[in-house]
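Numbering (our numbering), first residue to last: 581 to 1006. Virtual Cβ for every residue (Gly too), placed ideally from N, Cα, C.
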Amino acid sequence: MKNSITMTDNRTDKSYDFDILNATRGPSVVDISTFYAKTGMFTYDNGFTSTASCKSEITFIDGEKGELRYRGIEIEELATKHTYLETCYLLLNSKLPNKTELKEFDLELRHRSLVHENLRHLFAAFPAGAHPMATLSAATAALSTFYYDHIEIANEDGYQEMARRIIAKIPTLAAFAFRHSIGAPFIHPDIDRSYTENFLYMIRAYPGGKMHRGVNGEHKIKEIEIKALDTIFTLHADHEQNASTTTVRGVASTGAHPYVAISSGISALWGRAHGGANESVIKQLEMIGSVDRVNEFIARAKDPNDDFRLMGFGHRVYKNFDPRAKILKGLQDQLKDELNLDSNLMEIAQKIEKIALNDEYFISRKLYPNIDFYSGVILTALQIPKSMFTPIFVIGRTVGWITQWIEFKKDKSMKIARPRQLYLGK
Ligand code: CMC
581 MKNSITMTDN
591 RTDKSYDFDI
601 LNATRGPSVV
611 DISTFYAKTG
621 MFTYDNGFTS
631 TASCKSEITF
641 IDGEKGELRY
651 RGIEIEELAT
661 KHTYLETCYL
671 LLNSKLPNKT
681 ELKEFDLELR
691 HRSLVHENLR
701 HLFAAFPAGA
711 HPMATLSAAT
721 AALSTFYYDH
731 IEIANEDGYQ
741 EMARRIIAKI
751 PTLAAFAFRH
761 SIGAPFIHPD
771 IDRSYTENFL
781 YMIRAYPGGK
791 MHRGVNGEHK
801 IKEIEIKALD
811 TIFTLHADHE
821 QNASTTTVRG
831 VASTGAHPYV
841 AISSGISALW
851 GRAHGGANES
861 VIKQLEMIGS
871 VDRVNEFIAR
881 AKDPNDDFRL
891 MGFGHRVYKN
901 FDPRAKILKG
911 LQDQLKDELN
921 LDSNLMEIAQ
931 KIEKIALNDE
941 YFISRKLYPN
951 IDFYSGVILT
961 ALQIPKSMFT
971 PIFVIGRTVG
981 WITQWIEFKK
991 DKSMKIARPR
1001 QLYLGK
């Protein structure tokens, strides 16, 4: 039996053969790279709902089963038995680190977490109150001016150094972006703190490093807070060829600097349909305000004449459940007592979830709560302001973007991303 598919043009009865490429997991792929040459036509796939844009060995999603794996390891295992830094190492090196490798990786990231003072001054050019996503994207692009030689890298050591550098600096830039947005003095990373703890520290500390809160004196960052944020980073670390990753690969395909590609990914992530949904979820829950008003907004979400959508619901790939959402829901339950989760917001969220999961509109369209539906309530309990929800997604996802950038560069068969169109103009 031939491993191919035959398409017939019913206008002419001509048939064309296309090879089928087998996947190690998930659906096979039809190689249509010769489609235009053979048929003189393009294929049309609005939103790429049926298109594989690359070959990849990094992340696998089975949307029907609700399965997500990084380098073959299930997300549940990584989120419960490993740290975010181990996950970063896994994505970059295709294996989990041993103790020595982890220690070295951790130390190197701590050392690389400082940014050049001139880059700090860049923030002064931005208006007061600028959204941290805007300044974070700009600062990340500006990082390319300090490491311009990364544009030339073409060997494994160079790729790894470039990747570790951006992973280490992104939390610092995100924290600077936040502090600029509220007019607070910048806090530099503390080498004695772990990756995740350091980020909370740079958000919360006063100059000099203390974290006074109210009458109870100095506030220490709790282990449970670090663990919760670390899990959130792990759950966001990569997600196959989503919109921002596709953007990163598209920019990579032109030969642009890797940090400019990451900056483009940050911009793509900001939209409400993608990573920006986490900020929108909380704003929406606050707007709904009380459980009595949930039905009114469910009705609006179902109304075809109303643009209103339930933020944190639906996913292009997950059609059963989002495994990341399931893990966060469990985490939310665990943290309920220890972290003082906002009970009003949680009640509204629970009511939305209950109604939607039993409503024909949502069932027939396979709309389930996604990761963003649950992350906001947890981040709020960690005293992270709403404007920082999407930058937190950025911190978690940077390793995924850069790993995908490296994979793109190493694949000698990859071409510039240059789709065609169905022209309907004059
Ligand atoms: N609320 C109400 N209706 C919805 C929603 C929603 N959140 N999401 C999709 N629909 C409806 C949509 O109106 C359409 O209905 P119909 O067939 O009657 O026209 C149908 O479901 C299919 O929607 P679609 O927009 O064609 O689906 P898509 O796969 O192109 O979009 C999505 C996926 C995530 C952009 C969309 O579900 C959405 O806008 N959700 C809200 C935003 C959100 O939570 N985004 C975060 C995604 S997860 C984090 C990440 O990885 O980025």
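Counting the other CB atoms within 10 Å of its CB gives H792 a total below 16, which places it among the exposed residues.
Residue range S584 to D589 is occupied by the beta strand (DSSP E) that includes M587.
Here R649 carries a strand assignment [DSSP, helix/strand/coil]. At the C-beta level, I812 and E777 stay beyond 8 Å of one another. Assigned with DSSP and collapsed to three states, V609 falls in strand.
When C-alpha distances from I862 are compared across G910, Y898, I767 and M968, the shortest belongs to M968. A straight line joining the alpha-carbon of D902 with that of D818 spans about 14 Å. For Y728, the CB contacts under 8 Å within the same chain, skipping 5 residues up- and downstream, are H837 in chain order. Beta-carbon to beta-carbon, P751 and Y775 are separated by about 7 Å, close enough to satisfy the 8 Å threshold.
If you draw a straight line from the Cα of D597 to the Cα of T586, it comes to about 5 Å. The three-state reading of DSSP puts L925 in helix, counting H, G and I together.
Between ligand 1 and M713, a heavy atom-to-CB distance of less than 7 Å is absent. Look at Y596 here: in three-state DSSP terms it is strand. The beta carbons of L908 and S860 sit no closer together than 8 Å.
For the 8 Å CB-CB criterion, F756 and A708 do not form a contact.
Contact between the region 973-991 and the region 821-835 is present: three or more C-beta pairs spanning the two stretches fall below 8 Å. For F622, the three-state secondary structure derived from DSSP is coil. F893 is a Cβ neighbour of P949, given a cutoff of 8 Å. In the DSSP assignment, I641 falls within the beta strand (DSSP E) that extends over T639 to D642.
Judged by their CB atoms, Y650 and T663 are not nearer to each other than the 8 Å cut-off.
The C-alpha of S630 lies about 25 Å from the C-alpha of T592. Scanning its chain for C-beta atoms nearer than 6 Å, with the 5 sequence neighbours on each side dropped, one finds around V897 the residues I641 and G643, in chain order. Between I958 and I868, the C-beta gap is not smaller than 8 Å, which leaves the two residues out of contact. Between the alpha carbons of W981 and I806 lies a gap of roughly 23 Å.
Per DSSP, P838 has no beta bridge partner at all. Distances taken from the Cβ of A853 to the heavy atoms of ligand 1 include one shorter than 7 Å. Straight through space, the alpha carbons of H799 and R605 are spaced by roughly 47 Å.
Relative to ligand 1, the beta carbon of M891 is positioned inside 7 Å of a heavy atom. Per DSSP, C634 is not a residue of any alpha helix (DSSP H), being assigned neither H nor E. Looking at the DSSP output, P949 shares a beta bridge with F893. In this structure, DSSP gives H854 a state outside helix and strand, which the three-state scheme calls coil. Rounded to whole angstroms, the gap between the alpha carbons of V974 and Y616 is 37 Å. Within its own chain, the residues whose Cβ lies closer than 7 Å to the Cβ of T834, once the five positions on either side in sequence are excluded, are I996, listed in chain order. Residue range P712 to F726 is occupied by the alpha helix (DSSP H) that includes A722. At least one heavy atom of ligand 1 is found less than 7 Å from the C-beta of D952.
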